[in-house]
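Asks:
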Amino acid sequence: MKEIVIATNNKGKVKEFEQMFSALGTRVKSLQDFEEDIDVEETGETFEENALLKAETISRKWNIPVIADDSGIVVDALDGRPGVYSARYAGEEKNDKKNLEKVLNELGSTSVKDRTARFVCVIAVAIPGEESFTKRGTCEGAIALQPRGEHGFGYDPIFIPNGYKRTMAELTAEEKNSISHRRNALKKLEGWLREKGE
């Protein structure tokens, strides 16, 4: 595959995809490379449904191969919330600080051992004339008692990955990228991409 479109305007995500695809000789484009502004409403109830919705809508519109992802955080003590509503958990304006404050408030005095959680990333691939599919990656951990760290974004300041005492926001970019939910989903996608390239 010579070229693929990543259905995002997020520069950080585009960079991650570019690094992986360059080794396979595939050029990456993002929604920023198109003049037309496309906003796909995420009406699905699962990460898989939302990722497929984005990938298939854009693939059909331009008749090109498209990759889209949907990601968020799942907290066991909150019955899986915020889940697919992670980006807008505290309101429509996508405020990271308010979102993580809401999670901490809802957990209240829940003990550390009961604050298990995971980041989830689902990547969907839609190619004209082929059946779409998804790959899921997770990063297991727990919710900290308070935000710590200056790196990352979203819920990183309150998420402590398994095997670490630091939050995701206290890790270096290299450390985070080696264990992240997106990296784990991309690893699963890499096998498929190599097959396509053979």
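Mapping of the sequence shown onto our numbering: residues 554 to 751, in sequence order. Where is the CB? At the ideal position from N, CA and C, for every residue including glycine.
#1: Mind checking which residues open and close the alpha helix (DSSP H) that includes residue 621?
#2: With a Cβ-Cβ cutoff of 8 Å, do residue 697 and residue 669 count as a contact?
#3: For residue 583, list the residues DSSP reports as bridge partners.
#4: Run through DSSP, which three-state label would residue 663 get?
#5: Are the Cβ atoms of residue 700 and residue 653 separated by less than 8 Å?
#6: Please report how far the alpha carbon of residue 650 lies from the alpha carbon of residue 615, in whole angstroms.
#7: Give a yes or no on whether the C-beta atoms belonging to residue 556 and residue 580 are separated by under 8 Å.
#8: Taking its Cβ as the centre, do 16 or more other Cβ atoms sit within 10 Å of residue 681, making it buried, or is it exposed?
#9: If residue 711 sits next to residue 657, beta carbons under 8 Å apart, how far is it from one beta carbon to the other, in whole angstroms?
#10: Just to confirm my understanding: we take residue 574, look at its own chain, exclude 5 residues before and 5 after, and list those with CB closer than 6 Å. What are they?
#11: Specify whether the region 662-678 and the region 640-647 touch according to this definition: at least 3 beta carbon pairs, one from each stretch, less than 8 Å apart.
#12: Just confirm the distance between the C-beta atoms of residue 583 and residue 735, as a whole number of angstroms; I'd bet it's less than 8 Å.
#13: Residue 687: buried (16+ other C-beta within 10 angstroms of its C-beta) or exposed?
#14: Here's the rule I'm using: 16 or more other beta-carbon atoms within 10 Å means buried, otherwise exposed. How should residue 619 be labelled?
#15: What does the alpha-carbon distance come out to for the pair residue 569 and residue 727?
#16: Taking C-alpha atoms, which residue in 611, 667, 703 lies nearest to residue 677?
#17: Tell me which residue opens and which closes the alpha helix (DSSP H) that residue 567 is part of.
#18: The alpha helix (DSSP H) that contains residue 688, what's its start and end?
#19: Using only CA atoms, which one of 572, 655, 577, 695 lies nearest to residue 664?
#20: Confirm, please, whether the CB-CB distance from residue 737 to residue 705 is below 8 Å.
#21: If I'm right that residue 722 touches residue 693 with Cβ under 8 Å, what's the distance once you round it to whole angstroms?
Replies: The structure says:
#1: Counted as a single uninterrupted DSSP element, the stretch harbouring residue 621 is not any alpha helix (DSSP H) but the beta strand (DSSP E) occupying residues 619-628.
#2: No, these two residues do not count as a Cβ contact at 8 Å.
#3: In DSSP, residue 583 forms a bridge with 559.
#4: Residue 663: coil per DSSP, three-state reduction.
#5: Against a cut-off of 8 Å, the Cβ pair of residue 653 and residue 700 comes out as a contact.
#6: For the pair residue 650 and residue 615, the Cα-to-Cα distance works out to about 36 Å.
#7: With contacts defined as CB atoms closer than 8 Å, residue 556 and residue 580 qualify as a contacting pair.
#8: By the 10 Å Cβ count, residue 681 comes out exposed.
#9: Taking 8 Å as the upper bound for CB-CB distance, residue 711 and residue 657 are in contact here, some 6 Å apart.
#10: The residues are 581.
#11: Between the region 662-678 and the region 640-647, the count of C-beta pairs closer than 8 Å stays below three; the two stretches do not touch.
#12: About 15 Å separates the two Cβ atoms, so there is no contact after all.
#13: Here residue 687 is buried, its C-beta having at least 16 other C-beta atoms within 10 Å.
#14: Per the 10 Å Cβ criterion, buried.
#15: Residue 569 and residue 727 have their C-alpha atoms roughly 11 Å apart.
#16: Selected option, being the one with the closest Cα: 611.
#17: Residue range 564-575 is occupied by the alpha helix (DSSP H) that includes residue 567.
#18: Element bounds for residue 688: not the alpha helix (DSSP H) but the beta strand (DSSP E), 686-696.
#19: Of all alpha-carbon atoms in 572, 655, 577, 695, the one lying nearest the alpha-carbon of residue 664 is that of 695.
#20: No, Cβ-Cβ distance for residue 705 and residue 737 is not below 8 Å.
#21: About 17 Å separates the Cβ atoms of residue 722 and residue 693, ruling out a contact at the 8 Å cut-off.
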